[in-house]
Amino acid sequence: MCLRGLLLVAGLVLSSWALTPEECEPLVTPLSLADPSMMYGRSYILAGYNDNDVFKGILKNIQSSWLNVISSPFGALMSQFNKLYGNCVFTREAVNVTFDGNTVSVSFINMSTTMHILPGSNNLTVTSVNSTVRHFDLVLRKLNITSENTKEINLRAVYLMGREATLSDSDLEQFKKQASCLGFPGEPDYIYNPENGFCTEEESTKI
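With mature numbering (1 follows the signal peptide of the UniProt record, and there is no 0) as the guide, the letters of the sequence shown map in order to residues -18 to -1, 1 to 189.
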């Protein structure tokens, strides 16, 4: 195919994702958290975007990731299991969780985050995240990543999550459209590949 033809095809693909504000509105309107139970339990991260270069690089090297969130009298206990660079690692933190309308605020150690739960297709949910991370080098050191960035950083991310570890092509395309409405164009930084499998707690090292 000639260059002109390739550019035409690329233009058609990009334009197909460029939704109008009216089309975007139902995709980015947060769900009610009157029943916060949707926040708890086990969820698989199936795809995601991040606007911070270092975290984007980490996301591109994650082979699989899942979360388990348990309610507690003090907020929640959050565990995340990642297969990263071929190694199984996990974090487990007691976090403070507050609900204000359709906004979830989570804080622990050197990170504070606000989240909105957005509608997804076929029992999937989309989580829109805004985080502030302090002492960024300490976070990276836990992952054995060297960085001279010790400043406070702010980042945005959006994740497609499901109770089952399956992702259809149509659900992924819908998520890309939704992400584009939130300012994340193009392909996700992370897409789950079923060949990678998920880490178990028994084989994971706490960081």
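Where is the CB? At the ideal position from N, CA and C, for every residue including glycine.
Residue i - containing alpha helix (DSSP H), residue span
{"i": "C163", "result": "D151 to C163"}
{"i": "N43", "result": "D35 to N43"}
{"i": "P8", "result": "P3 to V10"}
Whole-Å CB distance - residue i paired with residue j, under 8 angstroms assumed
{"i": "N92", "j": "R116", "result": "4 angstroms"}
{"i": "K188", "j": "F72", "result": "6 angstroms"}
{"i": "I52", "j": "Y22", "result": "7 angstroms"}
{"i": "Y31", "j": "A161", "result": "5 angstroms"}
{"i": "C163", "j": "L1", "result": "6 angstroms"}
Residue range of the beta strand (DSSP E) that includes residue i
{"i": "K65", "result": "G57 to L66"}
{"i": "D82", "result": "N69 to D82"}
{"i": "L100", "result": "M93 to P101"}
{"i": "F90", "result": "T85 to F90"}
Residue(s) in a DSSP beta bridge with residue i
{"i": "E134", "result": "Answer is none; E134 lacks a bridge partner."}
{"i": "N112", "result": "T96 and R138"}
{"i": "G144", "result": "Y26"}
{"i": "S53", "result": "A58"}
Local conformation of residue i per DSSP, three classes
{"i": "F118", "result": "helix"}
{"i": "R123", "result": "helix"}
{"i": "residue 197", "result": "The question about residue 197 has no answer here: the residues shown for the chain are numbered -18 through 189."}
{"i": "L28", "result": "strand"}
{"i": "S47", "result": "strand"}
{"i": "S186", "result": "coil"}
{"i": "S14", "result": "coil"}
{"i": "E169", "result": "coil"}
Burial state of residue i (16 or more Cβ within 10 Å)
{"i": "S110", "result": "buried"}
{"i": "P170", "result": "buried"}
{"i": "L39", "result": "In the sequence as presented, Leu is not what sits at residue 39; that position holds Gly. It counts as exposed."}
{"i": "C(-17)", "result": "Annotation note: pLDDT 41 at C(-17) (below 50); position unreliable, no value reported."}
{"i": "L120", "result": "exposed"}
{"i": "I173", "result": "exposed"}
{"i": "K42", "result": "exposed"}
{"i": "Y67", "result": "exposed"}
{"i": "M20", "result": "exposed"}
{"i": "residue 272", "result": "The chain is shown from -18 up to 189; residue 272 falls before or after that span and cannot be answered."}
{"i": "K133", "result": "exposed"}
{"i": "F56", "result": "exposed"}
{"i": "G168", "result": "exposed"}
{"i": "A76", "result": "exposed"}
{"i": "D17", "result": "exposed"}
{"i": "D153", "result": "buried"}
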